[in-house]
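2 protein chains.
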Amino acid sequence: MTELLRSWVETANDPDSPFPLNNLPFGVFSAGDAPRCGVAIGDRVLDLAALQAAGLLPESGFDAPALNSFMAKGKEAWADIRARLTDLLREGNASDTLRAALQEMGGVTLHLPFTVAEYTDFYAGRQHAFNVGSLFRDPENALPPNWLHIPIGYNGRASTVVVSGTEFHRPMGQLKGPQDAMPGFGPSKRLDIELEMGAVVGLPTEMGQRISVDEADDMIFGYVLLNDWSARDIQAWEYQPLGPFQAKAFATTISPWVVTKAALAPFRCATPPREKELLPHIRDTGPMLYDIDLSVTMAAPGGTPTEICRTNYNTLYYSAAQQLAHHASSGCAMRTGDLLGSGTISGPEKGMFGSLLEMTWGGRDPITLEGGETRTFIEDGDTLTLQGHAQGEGYRIGFGPCVGTILPARDQG
Amino acid sequence: MTELLRSWVETANDPDSPFPLNNLPFGVFSAGDAPRCGVAIGDRVLDLAALQAAGLLPESGFDAPALNSFMAKGKEAWADIRARLTDLLREGNASDTLRAALQEMGGVTLHLPFTVAEYTDFYAGRQHAFNVGSLFRDPENALPPNWLHIPIGYNGRASTVVVSGTEFHRPMGQLKGPQDAMPGFGPSKRLDIELEMGAVVGLPTEMGQRISVDEADDMIFGYVLLNDWSARDIQAWEYQPLGPFQAKAFATTISPWVVTKAALAPFRCATPPREKELLPHIRDTGPMLYDIDLSVTMAAPGGTPTEICRTNYNTLYYSAAQQLAHHASSGCAMRTGDLLGSGTISGPEKGMFGSLLEMTWGGRDPITLEGGETRTFIEDGDTLTLQGHAQGEGYRIGFGPCVGTILPARDQG
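If you want it as structure tokens, here you go:
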């Protein structure tokens, strides 16, 4: 495992900083002016549009409100820019031009880092699939028969993918309890999170083009934290036979910084042992998961954030590269900016479950927050925060928080 | 019902022309040069970018390779442009400028008429839902319990929506028959069509904004024919529990002209009687379906096109406006360029079924084409064509064909 690379930005050398020189995650920021691309370093944001204008970086589309242009350039360009930034920010290499291109992170607004082309959500957590299968269907046959053969996924809604910190209203929808004669329309009473990672597709494929798992891995630009907010009561009523629709269409929150595959490279790890041999087009060809410590906190309005889940990305059954290879396998064209949700990441024990549905076992066992509040599902004003980092020797690769606060439903009725 | 409006473009006055002055559908064309917006009139395409440049139309974004700018302007702008075009093309109003802006349809290439923001496919045909429920699940409980209460839909894949005439390869995928111990990977053997209409969303909504059915209807710019190609064997293995994914991701074909709501207005009709009262947010507020005669032909390679289905859009249970109101009901943001597939349109009898799955009852009863070829599902080289028109007094509002030819699977294995 590599060690801390020291930067002249002093705060980047703090072993607890999420953004050391080893990280260099890409995002989009503004400071009362036009949104443009930047990288996080310590407690600062480096203005890549300014560096590009000053000739310190090659023209890479950084003077845009989205990373898509840069993401479409592919792995050689990504590596080249990373090498240049590493050099520019390395201890001893400070200059007035570089200092002028730094902004305090506390003083900028972070935007959605890329234009989401399409959003696909997978279901690659074995424990989660087992838990949900037990709760929604039959504990005896909790895992669907295809689950060990296919990275199951569904198309989600890209128009409501939002950046961390975006507040939104509790969704409304058709609800029908098992005892109700007729459905009603009203605010979801079983609003939930799903702790996920999101893989960000950089390179596209053409319609009809299939790709190997290795090619798929090369297409991935980086990763974000992803909260796939879910209205369980809307979901239960609507999802048969064609899958989740409005239950997950109202909001999906991602963390503001895209952490590159290069930054995560020292933390690559293998998928768990295969219970059934995978077909060649999605067979493992190397370690493509990552050892990323993940947690969720929940805070009641004005209350203390309480950790309600701690788990790891390395528990998933399928890697994002396998998911992407499967996604393209029919001939489906993939696009720069496609976002692939991993599926809910639930470890094998209760404190490791990545959704309230699982933590409270369908709402039967409330959890208690540090202020004494009890919760089965999310109440109005609650704040949910996902956090994640990979732990190196004396440094960490952090993602920045993925935060959402729920406003009351509006226009009820 | 209105009568034929006569145009100085003589071919538009033929009672069998799909594109009389009453129609004026919008599309995107090129003739060896840059794609731009046009309208179909008789056997000609009128170059709207040229008219805009000549000052005969207000600046409406017609000098672009997609209708999205114009579609985002809303119903007053749509009505204004329609009124101006009607006047410019009315009998007696020919001019040299107008004649110069006409191109022969046979000499132009028609492109995808708008950039598809997101693609959603619904399931609003009662007979189709009953047929598929009978085939895939249980004939005794064929209609899912939610079906009469919610316009069921799922998010499809926008990246593979293509214009009529686009050829594509037979999809590959994971397949597992009921007798197979393990799945395999190979070309779909049960490739199918779904005869649908597509509603094209012009006006967007914000995240969290709900809309009435009337507001939803106002947001719809127009309609196209839509073939939701489906690989039934991939679908059968993958679709539980999260719905269709790769089985429908490889291609969706639409007709090249967007027929506006104004052109279809004389053909509005009501949905069928409600079997269960709908909740207020999707309750019918007026006639929002259309009397559109639809047909499908199938041709073996080099063979005669044989009509295999004739049905009508008016048989659907939910209108596109109801589907759109439901789509936004959770707070899901809708976008200019969203495409909503109606669901397969199957009439009550066998010759009216909109998919081969239904026509051949799951592949058990082959159909015979006019050349004597028999088919259960689509074979390589087959050409499938959807056609549709609304019949007025001495004129028809046509859509232009929605055609696809299947190439053999590539890179097998």
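Keeping their order, the protein sequence lines are chains U and R.
If you count by my numbering, then the first sequence holds residues 1 to 413, one letter each, in order.
If you count by my numbering, then the second sequence holds residues 1001 to 1413, one letter each, in order.
A virtual CB, placed ideally from N, CA and C, is assigned to each residue, including glycine.
| query | result |
| --- | --- |
| If you compare alpha carbons, which of U:Leu369, U:Gly371 and U:Lys350 is closest to Gly362 of chain U? | U:Lys350 |
| What distance in whole Å lies between the Cβ atoms of Asn1227 of chain R and Leu1112 of chain R, which are believed to be in contact at a cut-off of 8 Å? | About 14 Å separates the two Cβ atoms, so there is no contact after all. |
| Expressed to the nearest angstrom, what Euclidean distance is found between the alpha-carbon atoms of Ser1330 of chain R and Arg1044 of chain R? | 43 Å |
| Going along the segment 393 to 411 of chain U in order, which residues come within less than 7 Å of chain R, judged by CB to CB distance? | Arg410 and Asp411 |
| Please classify Gln968 of chain R: is it buried, with 16 or more other beta-carbons within 10 angstroms of its beta-carbon, or exposed? | Nothing can be reported for residue 968 of chain R, as the shown portion of chain R is limited to 1001 through 1413. |
| Strictly below 9 Å CB to CB, what residues from chain U border Tyr1123 of chain R? | Pro241 and Leu242 |
| Have a look at Asp60 of chain U and Gly107 of chain U and give me their C-alpha separation to the nearest angstrom. | First, the residue type needs correcting, since residue 60 of chain U is Ser and not Asp in the sequence shown. So the two alpha carbons sit approximately 25 Å from each other. |
| Express the C-alpha separation of Glu1167 of chain R and Gly1413 of chain R in angstroms, rounding to a whole number. | Residue confidence is low: Gly1413 of chain R scores 48 on pLDDT, short of 50, so the model does not pin down where it sits. No coordinate-derived value is stated. |
| Can you tell me whether DSSP reads Ala1100 of chain R as helix, strand or coil? | helix |
| Just the C-alpha distance for Asp338 of chain U and Thr120 of chain U, rounded to the nearest angstrom, thanks. | 8 Å |
| Check whether the Cβ atoms of Thr1306 of chain R and Gly1404 of chain R sit closer than 8 Å, and answer yes or no. | no |
| In terms of DSSP beta bridges, what is Cys1402 of chain R paired with? | R:Leu1386 |
| Report the CB separation of Leu1324 of chain R from Leu1340 of chain R in whole angstroms; it is logged as a contact under 8 Å. | 6 Å |
| What did DSSP end up calling Val224 of chain U once you bin it into helix, strand or coil? | strand |
| Can you tell me whether Tyr81 of chain U is helix, strand or coil according to DSSP? | The displayed chain sequence assigns Ile, not Tyr, to residue 81 of chain U. Helix, per DSSP. |
| Quick one: what does DSSP say Arg90 of chain U is sitting in, helix, strand or coil? | strand |
| Would you tell me roughly how many angstroms separate the C-alpha atoms of Pro1139 of chain R and Val1132 of chain R, rounded to the nearest one? | 9 Å |
| Take His1128 of chain R and list the residues in its own chain whose beta-carbon comes closer than 6 Å to its own, dropping the five residues that flank it on each side. | Thr1344 and Ser1346 |
| Quick one: Cα of Pro1178 of chain R to Cα of Ala124 of chain U, how far? | 24 Å |
| Mapping DSSP to helix, strand and coil, what is Gly413 of chain U? | At Gly413 of chain U the pLDDT is 48, less than 50, meaning the model places this residue with poor confidence and gives no usable figure here. |
| List the residues of chain R whose Cβ lies closer than 8 Å to the Cβ of Leu279 of chain U, in chain order. | Gln1174, Pro1183, Gly1184 and Phe1185 |
| Using a cut-off of 8 Å between C-beta atoms, extract the partners of Gln246 of chain U located in chain R. | His1326, His1327, Ser1329, Ser1330 and Cys1332 |
| Please report how far the alpha carbon of Arg280 of chain U lies from the alpha carbon of Pro183 of chain U, in whole angstroms. | It is worth fixing the name first, because residue 280 of chain U is Pro in this sequence and not Arg. One C-alpha to the other measures close to 45 Å. |
| Quick one: is Gly337 of chain U near chain R, going by C-beta distance under 8 Å? | no |
| Verify the CB distance criterion: does Trp1257 of chain R have a CB-CB separation below 8 Å to chain U? | no |
| What did DSSP end up calling Leu1352 of chain R once you bin it into helix, strand or coil? | Note that residue 1352 of chain R corresponds to Met in the displayed sequence, not to Leu. In this structure, Met1352 of chain R counts as helix in the three-state DSSP scheme. |
| Report, in whole angstroms, the separation of the C-beta atoms of Asp1217 of chain R and Met1288 of chain R, which I expect to be a contact under 8 Å. | 6 Å |
| Applying the criterion that 16 or more other CB atoms from any shown protein chain within 10 Å of the CB defines a buried residue, is Ala12 of chain U buried or exposed? | buried |
| Leaving aside the five residues before and after Leu98 of chain U along the sequence, list all residues of the same chain whose C-beta is less than 7 Å from its C-beta, in chain order. | Leu88 |
| Taking the beta strand (DSSP E) that Asp47 of chain U falls in, what are its first and last residues? | Arg44 to Asp47 |
| 8 Å is my cut-off, CB to CB: does Arg190 of chain U come that close to chain R? | no |
| Is the distance from the Cβ of Leu1195 of chain R to the Cβ of Cys1269 of chain R below 8 Å? | no |
| Would Glu238 of chain U pass as an interface residue toward chain R - the criterion being a Cβ-Cβ separation below 8 Å? | yes |
| Among U:Gly156, U:Met334, U:Ala299 and U:Phe399, which one has its Cα closest to the Cα of Gly421 of chain U? | Because chain U is modelled from 1 through 413, residue 421 of chain U falls outside the range shown and cannot be assessed. |
| Taking the alpha-carbon of Asn314 of chain U as reference, which of U:Leu67, U:Leu110 and U:Asp293 has the nearest alpha-carbon? | U:Asp293 |
| With respect to the beta strand (DSSP E) encompassing Asp1338 of chain R, which residues constitute its N-terminal and C-terminal limits? | Careful: Asp1338 of chain R lies outside any beta strand (DSSP E) and carries neither H nor E. |
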